[in-house]
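A.B. asks: Using this note's numbering, the first residue of the sequence shown is number 2, and each one after it goes up by one.
Got a structure for you, questions after.
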Amino acid sequence: DKDINYSEAVDYTIIGIEPGAGITVTTERAIDQEEGYESLAGWNLEQPSTTAMVTELEAAIADEEPIIVTGWNPHWKFAQFPDLKYLDDPKGIYGEAENIETLARQGFEEDNPEAFKLIEQFYWDVEDMEDIMYESSETGEDIDDVARQWVEDNQDQVSEWIEGVEEGNGEEVEIVSTPWDSERASSGVLAAVLEEHGFDVTVTPVDVAVVFESIANGDGDATVAAWLPFTHADFYESVEDDVVHLGANLEGAKIGLVVPEYMGIDSIEDLEP
Ligand code: PBE
């Protein structure tokens, strides 16, 4: 409904997620007057947990209330609520479709060439990741367990990742990750495959900044949690020369401002300061 002032209706507030997430940093930049985002001048960005954001989103949709959240794909909420959409972002601060990419520490390939090779060969689709996230949210089953089951059920795909990789002998592999469901799914699947293949794997979820720091300083061996080239651009640039970049493990990720269709607004530029 174009006659409603949605900016006022949502109290000039975007429901975001945790401080330190790439999407939080990007949204703060837009609000802090990056050129072309005058429509967001003076807006507030709430920074609750992702779980709390989703709860608020569910409540708003149940009552057909207006709400603007920070959203991303892959995420099960797009399967659960088909009427969600991204607001157009004509100045492109949130970027286009991007990849989730794999990074390793320098020296990891020499120290553990077989685990390195397996991690380098890990590649899957948005649908695979979303299946795991959606099943976990529907059944309440822990993502790690769903991920392990997925590995059992998808041995065809797994066989491509382990091609030419020799069995490990209990060598330790430190995977660093972030706490979001998307990365719990990918790191969980990768860990299950590595373990099946004889490696002793630890997955440590940390803040985004720490993911990049720990690969650069060698505390972690590898991560499959880098959203590039947009969402984690700043974090990546600061360590670029100190990490080994193994390319995409998933193509077609995206972030932005998300609203329910019933609000009838299309663009960030439809908002008012
Ligand atoms: N996310 C999910 C994270 C990365 C994974 C989009 C919320 C972010 O840094 O914004």
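Every residue, glycine too, gets a C-beta built ideally from N, C-alpha and C.
Starting from residue 15, follow the alpha helix (DSSP H) in both directions and report where the run begins and ends.
C.D. replies: Element bounds for residue 15: not the alpha helix (DSSP H) but the beta strand (DSSP E), 14-16.
A.B. asks: Is there at least one non-hydrogen atom of ligand 1 closer than 7 Å to the beta-carbon of residue 209?
C.D. replies: It does: the Cβ of residue 209 is within 7 Å (strictly closer) of some heavy atom of ligand 1.
A.B. asks: Based on Cα-Cα distance, which residue from 247, 268, 255 and 87 lies nearest to residue 124?
C.D. replies: The candidate whose alpha carbon is nearest that of residue 124 is 247.
A.B. asks: Under 7 Å from any heavy atom of ligand 1, does the C-beta of residue 73 make it?
C.D. replies: Because some heavy atom of ligand 1 lies under 7 Å away, the Cβ of residue 73 counts as near it: yes.
A.B. asks: May I ask which residues mark the beginning and end of the beta strand (DSSP E) holding residue 228?
C.D. replies: Per DSSP, residue 228 belongs to the beta strand (DSSP E) from 223-229.
A.B. asks: Start and end of the beta strand (DSSP E) containing residue 201?
C.D. replies: First-last of the beta strand (DSSP E) with residue 201: 201-206.
A.B. asks: Can you give, in chain order, each stretch of the alpha helix (DSSP H) that sits fully within the region 56-93 and has at least 4 residues?
C.D. replies: With a minimum length of 4 residues, the continuous alpha helix (DSSP H) runs that stay inside the region 56-93 are 78-81.
A.B. asks: Counting only the same chain and skipping the five closest in sequence on each side, list residues whose C-beta sits under 7 Å from that of residue 115.
C.D. replies: The answer, listed in chain order, is 166, 167 and 169.
A.B. asks: Could you tell me if the beta carbon of residue 23 falls within a distance shorter than 7 Å of some heavy atom in ligand 1?
C.D. replies: It does: the Cβ of residue 23 is within 7 Å (strictly closer) of some heavy atom of ligand 1.
A.B. asks: Rounded to whole angstroms, how far is the Cβ of residue 203 from the Cβ of residue 163, which I believe are closer than 8 Å?
C.D. replies: No, residue 203 and residue 163 are not in contact; Cβ-Cβ is about 20 Å, not under 8 Å.
A.B. asks: In angstroms with no decimal places, state the Cα-to-Cα distance between residue 15 and residue 171.
C.D. replies: Taking the straight line from one Cα to the other gives about 47 Å.
A.B. asks: Considering only heavy atoms of ligand 1, does any lie closer than 7 Å to the CB of residue 188?
C.D. replies: Because no heavy atom of ligand 1 lies under 7 Å away, the Cβ of residue 188 does not count as near it: no.
A.B. asks: Any contact of the region 69-79 with the region 124-135, i.e. 3+ C-beta pairs under 8 Å?
C.D. replies: With the cut-off at 8 Å, the region 69-79 and the region 124-135 touch.
A.B. asks: Using C-beta distances below 7 Å, list every residue in its chain close to residue 253, excluding the 5 sequence neighbours before and after it, in chain order.
C.D. replies: So the qualifying residues of the chain are 98 and 127.
A.B. asks: How long is the line joining the alpha carbons of residue 238 and residue 70, rounded to whole angstroms?
C.D. replies: When rounded, the distance between both Cα atoms is 27 Å.
A.B. asks: Express the C-alpha separation of residue 46 and residue 141 in angstroms, rounding to a whole number.
C.D. replies: So the two alpha carbons sit approximately 29 Å from each other.
A.B. asks: What residue range does the alpha helix (DSSP H) around residue 176 cover?
C.D. replies: Counting along the chain, residue 176 falls outside any alpha helix (DSSP H), though it belongs to the beta strand (DSSP E) covering 173-178.
A.B. asks: Along the chain, where does the alpha helix (DSSP H) containing residue 116 start, and where does it finish?
C.D. replies: Where residue 116 is concerned, the enclosing alpha helix (DSSP H) stretches over 114-122.
A.B. asks: Can you look up residue 31 in the DSSP assignment and give me helix, strand or coil?
C.D. replies: Three-state result, residue 31: helix.
A.B. asks: Report the CB separation of residue 224 from residue 212 in whole angstroms; it is logged as a contact under 8 Å.
C.D. replies: Confirmed, Cβ separation roughly 5 Å.
A.B. asks: Which residues mark the beginning and the end of the alpha helix (DSSP H) in which residue 306 is found?
C.D. replies: Summary: the structure shown does not reach residue 306, with the chain confined to residues 2 through 274, and so no result is reported for it.
A.B. asks: What residue range does the alpha helix (DSSP H) around residue 195 cover?
C.D. replies: 182-197 is the extent of the alpha helix (DSSP H) around residue 195.
A.B. asks: Quick check: the region 218-232 against the region 100-111, are there 3 or more CB pairs under 8 Å?
C.D. replies: Yes: at least three Cβ pairs fall under 8 Å.
A.B. asks: Once the 5 residues before and after residue 113 are set aside, which same chain residues still bring their CB inside 6 Å of it?
C.D. replies: Hits under 6 Å: 172.
A.B. asks: Give me the Cα-Cα distance between residue 93 and residue 267, rounded to the nearest whole angstrom.
C.D. replies: Their Cα atoms are separated by approximately 14 Å.
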